[in-house]
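Sequential numbering from 2 applies to the sequence shown in my numbering. One structure below.
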Amino acid sequence: MAEINIRYLQDTDGDRYFPMTHVNAILGLEEFDNVEDVENLQQIITSMNITISSLQTRVSTLETENVQMKQDIEQNKLDIEELKALIIPPEEGE
């Protein structure tokens, strides 16, 4: 690949400078200066923040329900073992 030399603009004293222009001198700038786009973007961001908050709440609820279900499953296992012991005495089942 060819090497590209970067050359900075220099004034008569050899100091670097960056050219400037006025905003009115840039053709087509009005296409990028649209307040409606910014407002629409703000509405989209607000909507996304609401959705994120709702999803975080739902995830928290599901985590709590998951913990409760795991506890219920463990309790059901213990209940099943107790019922087995009542129905089939250990000496008969062996």
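Where is the CB? At the ideal position from N, CA and C, for every residue including glycine.
Item to check | CB of Y18 within 7 Å of CB of L28, strictly | outcome: no
Checklist entry - Roughly how many angstroms lie between the CA atoms of K78 and S55, to the nearest whole one? => result 35 Å
Next on the checklist: For a test of the three-state rule: what should DSSP assign to R59, helix, strand or coil?
Outcome noted: helix
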